[in-house]
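Quick notes on the structure that follows.
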Amino acid sequence: MFNNFLEEINQSLIDHGGHVLETPKEFQEYHSIKGDACIKSWLWHVPGFRRWRVTRMDAKDKLQVLNSVAYPNYDNEQPILGIDLLWFGSRNKFVAVLDYQPLIQDKRYFDNYFEGLKGIHKTFQESSNQVKMNIYEEDKFFSPWVILCKGSLQEVSQYLPSIYTKFINSYWKLNCDRYLSDQLLNIQEVEMLHIKYDTYSAEKDPAHGLFKSYFGIEWADRFLYEFLFPRSRDVFSSEENK
Ligand code: BLA
């Protein structure tokens with residue numbers, strides 16, 4: 004069901020000079036204990052980015068997932084791209100989250116990087132109901148213009164494809180219009196915030212329980228800490244990083 008979204012992002016990555024890197028075999032493709040689900044992941048090398056990962060989980064009519072996170076190079080403070088698309092078949096519940104995830108909540112930062120997303124969010128507001136977040140805190144690594152859709156497959160599929168295309172295209176533009184000479188954060192601050200992002204995400208991500216039930220605790224732990232959020236394991240020592 005999410006293959007169109009997957010193909011679109013893959014094509015976009017290729018168009019921007021991306022190529023797939025080697026990853027451990029058990030992260031590339033893994034099957035559930037019962038044989039009813041398969042999860043595949045790709046790690047991309049893309050100019051301007053230190054890490055870009057894509058995950059597709061297919062549990063047929065029970066669950067469909069497409070998830071992607073793009074981390075720009077440490078010398079670039081621009082937001083992290085975050086995509087989480089989920090469809091729970093038994094409840095016909097679609098959850099789609101798209102955001103340019105800000106490293107800081109600061110007006111000047113928002114002015115520099117969020118014009119595009121603001122426009123997309125406006126179109127989205129006109130076509131859907133607004134919903135609130137329950138698990139994540141809205142002011143931590145999410146923007147005020149996060150696109151959060153919840154509804155049936157029929158409802159969400161009416162507007163999501165066009166929003167998704169605009170969302171990806173506008174993010175590439177951000178990378179071309181980089182404010183390199185005029186950044187608010189230095190390279191060490193960006194790195195520290197990427198570590199905080201991974202730590203926060205590993206702690207909050209509701210995916211872990213789901214992975215555990217399909218693929219077992221051992222694989223779920225490794226996938227979360229080694230593939231999804233590898234910098235979450237970095238230990239902080241200095242006061243300012245706490
Ligand atoms: C919600 N994400 C969820 C939920 C699940 C996942 C099970 C709860 C859905 C619900 O019942 O309402 C599952 N997350 C996954 C899976 C992967 C994953 C399977 O990462 C596989 C890799 N989540 C992200 C990223 C963003 C994100 C990058 O991984 C940012 C765009 C956001 N997911 C996000 C948000 C919610 C969510 C905001 C809603 C949670 C809430 O209501 O607070």
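According to this note's numbering, the residues represented by the sequence shown are 4 to 245, in order.
Glycine included, each C-beta is placed from N, C-alpha and C at the ideal position.
In this structure, the C-beta of V100 approaches ligand 1 to less than 7 Å from one of its heavy atoms. Distance check between F145 and each of F5, R56 and L84 places L84 closest, using alpha-carbon atoms only. Not one heavy atom of ligand 1 is found less than 7 Å from the C-beta of N95. W90 is a Cβ neighbour of Q67, given a cutoff of 8 Å.
Within the chosen limit of 7 Å, ligand 1 reaches the beta carbon of I86 through at least one heavy atom. The continuous beta strand (DSSP E) containing N70 extends over residues L66 to P75. In this structure, the CA atom of R56 is about 24 Å from the CA atom of V159.
Between the C-alpha atoms of F170 and Y112 there is a straight-line separation of about 18 Å. Taking 8 Å as the cut-off, the beta carbon of F232 is found no closer than this to the beta carbon of Y33.
The criterion of a C-beta distance shorter than 8 Å is satisfied by P75 and R53.
Judged by the Cβ position, T202 fails to qualify as a neighbour of ligand 1 at the 7 Å threshold, every heavy atom of the ligand being at least this far. Excluding sequence positions up to five before and after D87, its CB lies within less than 6 Å of the CB of N70 and V100, all in the same chain and listed in chain order.
Note that the C-beta distance between H211 and R234 is not below 8 Å. The three-state reading of DSSP puts H48 in strand, counting E and B together. Proximity of the beta carbon of A210 to ligand 1 is indicated: a heavy atom of the ligand is located closer than 7 Å. Assigned with DSSP and collapsed to three states, Y33 falls in strand. Here D208 is buried, its C-beta having at least 16 other C-beta atoms within 10 Å. A straight-line Cα-Cα distance of about 14 Å links W45 and N6.
Within the stretch 130–193, the runs of alpha helix (DSSP H) at least 4 residues long that lie entirely inside it are, in chain order, 156–179.
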